[in-house]
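So the sequence lines, in the order shown, correspond to chains A and B. Residue numbers for the first sequence follow this note's numbering, beginning at 1 and rising by one. Residue numbers for the second sequence follow this note's numbering, beginning at 114 and rising by one. We treat Cβ as the ideally placed atom computed from N, Cα and C, and that holds for glycine. Keep in mind it's a predicted model, so treat the numbers as computed, not measured.
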Amino acid sequence: KQEVTQIPAALSVPEGENLVLNCSFTDSAIYNLQWFRQDPGKGLTSLLLIQSSQREQTSGRLNASLDKSSGRSTLYIAASQPGDSATYLCAPDYTGTASKLTFGTGTRLQVTL
Amino acid sequence: DVKVTQSSRYLVKRTGEKVFLECVQDMDHENMFWYRQDPGLGLRLIYFSYDVKMKEKGDIPEGYSVSREKKERFSLILESASTNQTSMYLCASSTTSGYQPQHFGDGTRLSIL
């Protein structure tokens, strides 16, 4: 059974800090991995999709890295802002057709003033 | 922008009722999904559909059925609602390309009394 673990489960940082969220997965035979953000009571918003052949993907202040062989991905957030407060989820795709993602339980981030 | 619309944000039903949750997407996506999200358990896939009238069971299909009569619409049906089906339900859609993310609706918070 494929398992996805996100550590830490919760994180509180002051505004301006750089931070790293971790995602590990037991089965390394992934096609890609997606990072999502979820605001309280809302659906998920896609942040980054990193393909298995890539090592990094960047969007603005966000950078996702992927080490497929070790079963790890990290999401780096630079210069954090209060608006970054949300739950962040990672989801490996084991099908290559986006037909089934396996979600971690997320890291709840709070950025304080 | 891709839009996935769920018919209700909040819904309260009684035990034993037949419940319909509706989802519509406007991007001609082949794949559509129903998940439920519970604290500590993360997102779990109930059913997904890869084409009109086609469906596959996810991880937790018991007590649910689905219908996809048109490409843009995917319905989740609780045949006889029970209290353990109280949850947040999320609909998503995607292309079959492994290089495009899943897009989510805002969710339906369903309470079964």
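Contact list for residue i against chain B, beta-carbon separation under 7 Å
i: A:Lys42; result: Asp219, Gly220
i: A:Gln81; result: The contacting residues do not exist; A:Gln81 stays about 23 Å from chain B at best.
Cβ pair residue i, residue j closer than 9 Å
i: A:Asn18; j: A:Ala86; result: no
i: B:Leu154; j: B:Leu203; result: no
i: A:Leu109; j: A:Ser12; result: yes
i: B:Phe187; j: B:Ser178; result: no
i: A:Thr107; j: A:Leu21; result: yes
i: A:Gln6; j: A:Thr105; result: yes
Contacts of residue i in chain A (Cβ-Cβ under 9 Å)
i: B:Tyr163; result: Thr97, Ser99
i: B:Thr118; result: Ordered by position in chain A, no residue passes the 9 Å Cβ test against B:Thr118, which lies about 11 Å from the chain.
i: B:Leu223; result: Per Cβ cutoff of 9 Å: no residues; B:Leu223 is ~13 Å from chain A at best.
i: B:Gln138; result: Going along chain A, no residue has its Cβ under 9 Å from B:Gln138, so there is no contact; the nearest lies around 12 Å.
Neighbouring residues, chain B, relative to residue i (Cβ below 8 Å)
i: A:Thr105; result: Gly153, Leu154, Gly155
Burial state of residue i, where buried means 16 or more other Cβ atoms lie within 10 Å
i: B:Arg149; result: buried
i: A:Asn32; result: buried
i: B:Tyr212; result: exposed
Nearest-angstrom beta carbon gap, residue j and residue i [assumed within contact, 8 Å]
i: A:Leu75; j: A:Tyr94; result: With a Cβ gap of about 20 Å, A:Leu75 and A:Tyr94 do not count as contacting.
i: B:Val132; j: B:His216; result: 24 Å between Cβ atoms; not a contact.
i: B:Asp219; j: A:Gly96; result: Contact flag wrong, Cβ pair sits at about 28 Å.
i: B:Ala194; j: B:Glu130; result: 5 Å
Chain-ordered neighbours of residue i on chain A, where CB pairs are closer than 7 Å
i: B:Gly189; result: Sequence check: residue 189 of chain B is Leu here, not Gly. Neighbours of B:Leu189 on chain A: none; closest Cβ ~15 Å, over 7 Å.
i: B:Pro110; result: Missing from the structure shown is residue 110 of chain B; chain B here goes from 114 to 226 and no further.
Exercise. Could I get the ranges of all uninterrupted beta strand (DSSP E) runs contained in the segment 118–189 of chain B, with 3 residues as the minimum, in chain order?
Key: 123–126, 132–138, 144–151, 155–164, 167–170, 177–183
Quiz item: Whole beta strand (DSSP E) runs in the segment 33–101 of chain A with 3 or more residues, listed along the chain?
Solution: 44–51, 56–59, 62–67, 72–77, 86–93
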